[in-house]
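Colleague:
Right, dumping it as structure tokens:
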């Protein structure tokens, strides 16, 4: 009889859409990360589309500027922007993946600088519907875009592929230093060369050959830049490899690279590697790239980032910050309906906080015009109007976790489920915030009551908390997203914050426990006061 009553109670509890759990202890501060950079949430913008995002001096893109300004208002600093990517030299990659999926690009040339060109950029597409051009020609006007977004610092990409003349490379480097000026923080020489080389160099080209080429060309860049722009050379972000289990790297490794004498002159200031959760293989994405299985799944995130975390530990002897200089959800520009919806925003929060808790120092989320994982669409293109997309709200939530303090440290609170994640945020040795994510997929069209999970946190010494929710009608929603009741939609006020739900939510701590309900497909930031 007792067993039957227990079952009946559980049935009633589940029907109410409210699942309870035991009290959760937050790990002590000595388990937390290093202090997280305030510009931890940063961006990478595809070289070919940077003028679309930034505009020029006569027609700046105020929408993009407003969205970046929002980060400064939350954290006190602007995000950093890496300008580069495939179109940095428009790489060619074929049969790069293990298995059925493919990270495929058609044969392409590269991005070349032409000092006499009047247009900022000329993009040549093989097919009008292609995501990326096959050739990019840019001129002096291109660099106006570096002066339209406020006091943002940039990492500028250089074309390692150019092999017919060192002069074209050094000219591109010097014109960037003279035109970008104080906004230039670092250079990047080459993009994903660990497998891009196979289409631009002889078949026997080795990692040792790459080391010699990079060392030679980086020295040439330094000499040219110091002559044109006297003073301390900015340095490089490097090596910008993408070393993922599902991509064949031909045996190239980060450890092996440095053992061969890469960057003997210590020009690198930031370690940069690229990361994605999977690859959209045209014409149809792999069936296993499911929103719940791949993105809204804490275990999937942990497994995906494990090699990067190990790599960071292996390279710690270099004494350089380890960053993901290009990252996002699904490579090959994402998947409509999976990376363009609210579930991707929830993934971004969990992915970011797990990375921060494991001392990955900065994340540059990759953007490109009409890409399907963008945080925002900067201009009207291919019938798509300017708009703020769900991933942006995830980034704003992460920025709000960090705030304006410079001693924020993050610790993961281990849970057993794939569809839940929690994090404690320390300032000094005191818990200041907690994040809880309910990653259970919930479609906007569902007619049933929205279930929720109750999280109970043991927080001795705390009395009350403010609650800010990241929410949308469902995990499949592309619109209607808010964080803390605020919308950043283009249509409302050009990306500036607009309060759409002014109700303030606070919760009291009772008997050292704070209890909060988190509906399926949503997240909450708890800030103690």
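In this note's numbering, the protein residues as written are 33 to 561. The beta carbon of each residue, even a glycine, is placed where N, CA and C say it ideally should be. None of these values were measured; they are calculated from a predicted model.
#1: Based on Cα-Cα distance, which residue from 431, 63, 246, 57 lies nearest to residue 381?
#2: Is it right to say residue 561 is buried, meaning 16 or more other beta carbons lie within 10 angstroms of its own, or is it exposed?
#3: Would a C-beta distance cut-off of 8 angstroms place residue 357 and residue 305 closer than the cut-off?
#4: Judging by CA-CA distance, which residue of 419, 390, 513 is the nearest neighbour of residue 425?
#5: Would you mind working out which of 157, 226, 261, 267 sits nearest residue 284, comparing C-alpha positions?
#6: Please state whether DSSP places residue 465 in a helix, a strand or coil.
#7: Quick check on residue 429: does DSSP put it in helix, strand or coil?
#8: Is it true that the CB of residue 253 sits closer than 8 angstroms to the CB of residue 221?
#9: Please specify which runs of the alpha helix (DSSP H), each continuous and at least 4 residues long, are wholly inside the segment 478-527, giving them in chain order.
#10: Quick one: give me the first and last residue of the alpha helix (DSSP H) that residue 202 is part of.
#11: Helix, strand or coil for residue 541? Go by DSSP, reduced to three states.
#12: One question on the structure: do residue 309 and residue 362 come within less than 8 angstroms of each other, judged by their Cβ atoms?
#13: Can you check the segment 213-238 for any beta strand (DSSP E) of at least 3 residues that lies completely inside it and give the ranges in chain order?
#14: Do the CB positions of residue 74 and residue 395 come within less than 8 angstroms of each other?
#15: Excluding the 5 residues preceding and the 5 following residue 163 in the sequence, name in chain order all residues of the same chain whose CB lies nearer than 6 angstroms to its CB.
#16: Nearest by alpha-carbon distance to residue 568: which of 450, 467, 472, 307 is it?
#17: Any contact of the segment 542-558 with the segment 470-488, i.e. 3+ C-beta pairs under 8 angstroms?
#18: If we ignore side chains and look at the alpha-carbon of each, how far apart do residue 454 and residue 247 end up?
#19: Let's test the definition: count the other Cβ atoms within 10 Å of the Cβ of residue 403 and tell me whether it reaches 16, buried, or not, exposed.
#20: Taking residue 187 and residue 212 to be in contact with their CB atoms under 8 angstroms, please state how far apart those CB atoms are, rounded to whole angstroms.
#21: Using the three-state DSSP reduction, which class does residue 288 fall into: helix, strand or coil?
#22: When DSSP labels each residue in this structure, what does residue 413 get in the three-state scheme?
#23: With burial defined as no fewer than 16 other Cβ atoms inside 10 Å of the residue's Cβ, what is the status of residue 125: buried or exposed?
#24: Can you list, in chain order, the residues of its chain whose CB lies under 8 angstroms from that of residue 243, leaving out five sequence neighbours each side?
#25: Using a Cβ-Cβ cutoff of less than 7 angstroms, which residues in the same chain neighbour residue 156 once the five nearest sequence positions on both sides are dropped?
#26: Give a yes or no on whether the C-beta atoms belonging to residue 466 and residue 333 are separated by under 8 angstroms.
#27: Taking all protein chains shown into account, do 16 or more other C-beta atoms lie within 10 angstroms of the C-beta of residue 516, making it buried, or fewer, making it exposed?
#28: Report back the beta-carbon spacing between residue 391 and residue 344 to the nearest angstrom; my notes put them in contact at under 8 angstroms.
#29: If you check the beta carbons only, do residue 111 and residue 84 fall under 8 angstroms apart?
#30: Within 10 Å of its beta-carbon, does residue 228 have 16 or more other beta-carbons around it, so buried, or fewer, so exposed?
#31: Assign residue 445 to buried or exposed, taking buried as 16 or more other Cβ atoms, counted over all protein chains shown, within 10 Å of its Cβ.
#32: What does the Cβ neighbour count give for residue 12, buried or exposed, with the cut at 16 atoms within 10 Å?
#33: Rounded to a whole number of angstroms, what is the C-alpha to C-alpha distance between residue 508 and residue 530?
#34: Please report the straight-line C-alpha distance between residue 419 and residue 296, rounded to a whole angstrom.
#35: With distances taken from CA atoms, which of 176, 179, 324, 369 is nearest residue 473?
#36: Alpha carbons only, please: which of 384, 443, 176 is nearest the one belonging to residue 89?
Modeller: On the basis of the supplied data:
#1: Closest option to residue 381, Cα to Cα, is 431.
#2: Using a 10 angstroms sphere on the CB of residue 561, the tally of other CB atoms stays under 16, which defines it as exposed.
#3: Going by beta carbons, residue 357 and residue 305 fall inside the 8 angstroms limit.
#4: Residue 513 holds the alpha-carbon nearest to the alpha-carbon of residue 425 among 419, 390, 513.
#5: Nearest option by C-alpha distance: 226.
#6: Three-state DSSP puts residue 465 in a strand.
#7: Assignment of residue 429 by DSSP, reduced to helix, strand and coil, places it in the helix class.
#8: Contact annotation: residue 221 and residue 253 have beta-carbon atoms nearer than 8 angstroms.
#9: DSSP runs (the alpha helix (DSSP H)) wholly in the segment 478-527: 522-525.
#10: In the DSSP assignment, residue 202 falls within the unbroken alpha helix (DSSP H) covering 198-212.
#11: In the three-state reduction of the DSSP assignment, residue 541 falls in the coil class, being assigned neither a helical nor a strand state.
#12: With contacts defined as CB atoms closer than 8 angstroms, residue 309 and residue 362 qualify as a contacting pair.
#13: Within the segment 213-238, the complete beta strand (DSSP E) segments of 3 residues or longer fall at 216-221, listed in chain order.
#14: For residue 74 and residue 395, yes; Cβs fall inside 8 angstroms.
#15: Leaving aside the five residues that flank residue 163 on each side, the residues in its chain whose CB is nearer than 6 angstroms to its CB run, in chain order, 365.
#16: Residue 568 falls outside the range modelled here, since the chain spans only 33 to 561, and no answer is possible.
#17: Contact between the segment 542-558 and the segment 470-488 is present: 3 or more CB-CB pairs across the two stretches fall below 8 angstroms.
#18: Separation of residue 454 and residue 247 (C-alpha to C-alpha, rounded to the nearest whole angstrom) is 43 angstroms.
#19: By the neighbour-count definition (other C-beta atoms within 10 Å, threshold 16), residue 403 is a buried residue.
#20: About 10 angstroms separates the CB atoms of residue 187 and residue 212; that is not less than 8 angstroms, and the two are not in contact.
#21: Here residue 288 sits in helix by DSSP.
#22: The answer is strand: DSSP assigns residue 413 an E or B state.
#23: At residue 125, the pLDDT of 24 sits below 50, so the modelled position is not reliable and the matter cannot be decided from this model.
#24: Result list for residue 243: 289, 292, 293, 294, in chain order.
#25: Here residue 156 has 165, 166, 167 as same chain residues with Cβ atoms under 7 angstroms from its own Cβ, once five neighbours each way along the sequence are excluded.
#26: Not in contact: residue 466 and residue 333 (Cβ atoms no closer than 8 angstroms).
#27: It counts as buried.
#28: Sure, about 6 angstroms apart at Cβ, within 8 angstroms.
#29: No; because the gap between Cβ atoms is not below 8 angstroms, this pair is not in contact.
#30: Residue 228 should be labelled buried.
#31: Around the Cβ of residue 445, a 10 Å sphere holds 16 or more other Cβ atoms; the residue is buried.
#32: Residue numbering for the chain in the displayed model covers 33 to 561; residue 12 lies beyond these limits and cannot be assessed.
#33: Between the alpha carbons of residue 508 and residue 530 lies a gap of roughly 23 angstroms.
#34: Per the coordinates, the alpha-carbon of residue 419 lies some 45 angstroms from the alpha-carbon of residue 296.
#35: Closest option to residue 473, judged by alpha-carbon separation, among 176, 179, 324, 369: 324.
#36: Put simply, of 384, 443, 176 the residue whose alpha carbon is nearest the alpha carbon of residue 89 is 176.
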